[in-house]
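Chemist: Let me begin by handing over the structure; questions about it come next.
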Amino acid sequence: MSDISSIAASGMKAASIKAAVEATNIVNIRSGAAMPEPGKSYDGYVAQEAVFTSQPGSGVVAGVRPVTPAFVATPGAGGVAQAAPNVDLASSILSLKTAETAYKASASLLDSEREQDRTLLDTVA
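Residue 0 is where the sequence shown starts when you use numbering that gives the first Met the number 0, and the numbers rise one by one after that.
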């Protein structure tokens, strides 16, 4: 696999991870819990975020880490505060769309390299 292919493939994989993380956050946006008591841990859904690390000559590696703080206080029934996952719906939708665009760009790069290889082979033959 050439450098271009490995970079494009890593971009597609990273974009897929980003899309999966954002989709999971969106699906779980209402999966909160009661506000934890002081000194107790939050037991609701903890949003995740994709993080990327550049790998010279081979593209990017994606990882996942929890969002901090894990929850935000929201008004609940009867005036009792509830803990909701720290997910901003608008930002998550935008990130999901950005991941889709990044995936398409990486796929296009891979297609362009394959077409270039075919043209070169046709020219030589």
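For glycine and all other residues, C-beta sits at the position ideal for the given N, C-alpha and C.
How would you call residue 37, buried or exposed, if buried means at least 16 neighbouring beta carbons within 10 angstroms?
Modeler: By the neighbour-count rule (16 or more Cβ atoms within 10 Å), residue 37 is not buried but exposed.
Chemist: Given a cut-off of 8 Å on the beta-carbon distance, is the pair residue 82 and residue 72 in contact?
Modeler: Yes, Cβ-Cβ distance for residue 82 and residue 72 is below 8 Å.
Chemist: Have a look at residue 25 and residue 16 and give me their C-alpha separation to the nearest angstrom.
Modeler: So the two alpha carbons sit approximately 14 Å from each other.
Chemist: Run through DSSP, which three-state label would residue 30 get?
Modeler: Reduced to three states, the DSSP call for residue 30 is coil.
Chemist: Give the secondary structure of residue 48 by DSSP, where H, G and I count as helix, E and B as strand, and everything else as coil.
Modeler: Three-state DSSP puts residue 48 in a strand.
Chemist: State the Cα-Cα distance for the pair residue 23 and residue 86, rounded to the nearest angstrom.
Modeler: Roughly 10 Å separates the two Cα atoms.
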